[in-house]
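Residue numbers (my numbering): 577 to 1110.
Yeah, the Cβ is synthetic: ideal placement off N, Cα and C, and Gly gets one too.
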RNA sequence: GCUGGGUUCGUAUAACGGUUAGUACUCAAGAUUCUCAAUCUUGCAAUAUGGGUUCGAUUCCCGUACCCAGUACCA
């Protein structure tokens, strides 16, 4: 989520300014290579509608050779190896960097020793005098080590006691004294790759990046990056550091595991890691991409107005970095759902019916298009996701089998074998009903009262027989008139009928249900219920 | 620990020295309805804290507390 939001803000900013959004894969850590990650990122961005102008071709592949549309290729840093070494050498020649020959073990030992004394080891102007590097070793020894060993690095020679004054588009003016900074590794001989710091500055320069919008975790590195631009004598881009996304409860930033623990996705798409664990994705959980983009946009940014729902184009038009907040944003899963609900409502009944259809078909239920559109119109206001449709309206397609609360109450009821006489909706003929509609009733006993049952059955039967034009309105009128005319208790009759027809104590209007399931099915469900609940 | 960043209702945020501190989500109540949902109305609920500066501070400055990040041959 955090990564997508960062990409989104970059995209919005670039598009608003008429610039290009470039994808560059920063894979300079050979030890942390994750198969499939690159493809995942591009697919996720694509799902969100964040389409790069440069760096990825029409087939969603990272471009490896330069062309007119992709002048800065290759876009994987692992394929730009040769580029960086020369820049590292340039810094050394200019006195901004040096060779360091300390082994990882030696450095770890130094850290441990410092820690034992209650200090923190830091590779800087002071400590570098006592370590093994080209600043202290004799020239011929340096030469020998460079030629004969292969685990040395190039480190940045951090100036001593200098104030670096920086400007951040979001945070304003920041000053840091270099005495608190260390000599960061810029280039690693072992795999002939730069670290992030060098690669990022070099590539941003080469790729003509004008604005760097990235996560707050990079703020502490900003002085180094400023100094690197200075060392190269390059014009630096402007920087903006985004606030972090925090976990919904407690402290700390949002992490991969929070989501599944708390029941919301933290990934845009399902992600299967190397241990075989799957993390939920927004896409698979039923979120609409525009809703996901919208909710992400509002996490750390606001338009300055009270508008909350934005299309991508509206976001591009309204986005501005000075409306990005400085403090971390706790993610609120409830609000995320609310966004999806709003987007679901904005969709047409036809569109939603088309999305619902395959879900029904998977259950072996075939319904005519027009009827499905009618159902959707009835239930869309009650749903957050398309997948909710089934939970809400399954009984329109298949007859209830069990009346849950009664089973709980009577104990034995649930052990009764399923009655083969259970009415089957003709539209659900193909459906293998080993699993049927959910039964939400908590009040079966409350609604299943002898006097109500008799009255309700009588009323339904009368309506089924008398109504000539089988429509929601005519059914409703006929039903109400009958109930009133016979001085029956309206609520009791209706609730009892609902229990019979849907198996649940709450749900759609009786007339709606009767209209959809039809006369025959209405009566059949009555017979079944009377037998079952007797 | 050190360095940097941050702190307005539970959450996201608005108010860029002067407002009864607004809005949305959540929650509660009422209206409506055959139930539920939806909808509408109402309500609960915040400027971390101590000092300044100022006629006046949510807003500017300093301290404290708390939170976050960085402190890797990771990004």
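- Boundaries of the beta strand (DSSP E) around residue 750: 748–753.
- Bridge partners of residue 817 according to DSSP: 790.
- Pairing residue 803 with residue 725, the inter-Cα distance amounts to about 29 Å.
- Residue 604 sits buried, since 16 or more C-beta atoms from the chains shown fall within 10 Å of its C-beta.
- For the 8 Å CB-CB criterion, residue 663 and residue 711 do not form a contact.
- Note on residue 1026: under 16 other CB atoms within 10 angstroms of its CB, so exposed under the neighbour-count rule.
- In this structure, the straight-line span from the alpha carbon of residue 858 to that of residue 844 is close to 5 Å.
- Taking residue 812 as reference, the option from 828, 787 and 822 with the minimal CA-CA separation is 787.
- Take residue 848, set aside five residues on each side of it, and the residues of its chain with a beta-carbon closer than 7 Å to its own are 854, in chain order.
- When C-alpha distances from residue 1108 are compared across 1090, 1094 and 1076, the shortest belongs to 1076.
- In this structure, residue 972 places its C-beta atom within 8 Å of the C-beta atom of residue 951.
- A distance below 8 Å between beta-carbons, with the five flanking residues on each side excluded, links residue 643 to the following residues of its chain, in chain order: 649.
- Beyond the five residues adjoining it in sequence on each side, residue 749 comes within less than 6 Å, by CB distance, of 743 in the same chain, given in chain order.
- The alpha-carbon separation between residue 1040 and residue 1058 amounts to approximately 12 Å.
- Contact annotation: residue 1100 and residue 1069 have beta-carbon atoms that are not nearer than 8 Å.
- In this structure, the CA atom of residue 654 is about 28 Å from the CA atom of residue 820.
- Each residue's CA atom was taken as its position, placing residue 630 and residue 781 some 16 Å apart.
- Annotation: the continuous beta strand (DSSP E) that includes residue 732 extends over 729–732.
- The region 859–875 makes contact with the region 910–929: 3 or more CB pairs, one atom from each, lie closer than 8 Å.
- Selection 1042, 1051 and 1035 evaluated against residue 1063 yields 1035 as nearest (Cα-Cα).
- Straight across, the Cα-Cα distance linking residue 772 with residue 661 is about 13 Å.
- With fewer than 16 other CB atoms across the displayed protein chains lying within 10 angstroms of its CB, residue 627 is exposed.
- Beyond the five residues adjoining it in sequence on each side, residue 640 comes within less than 7 Å, by CB distance, of 649, 650 and 655 in the same chain, given in chain order.
- In the structure shown, the three-state DSSP call for residue 827 is coil.
- If you draw a 10 Å sphere on the C-beta of residue 609, you find fewer than 16 other C-beta atoms in it, and that means exposed.
- With contacts defined by Cβ atoms closer than 8 Å, residue 1067 and residue 979 do not form a contacting pair.
- Beyond the five residues adjoining it in sequence on each side, residue 886 comes within less than 6 Å, by CB distance, of 870 in the same chain, given in chain order.
- Under DSSP, no beta-bridge partner is assigned to residue 916.
- Residue pairing of residue 709 in beta bridges, as defined by DSSP: 676.
- C-alpha of residue 587 to C-alpha of residue 594: approximately 10 Å in a straight line.
- Residue 953 sits in a helix when the DSSP states are folded into three classes.
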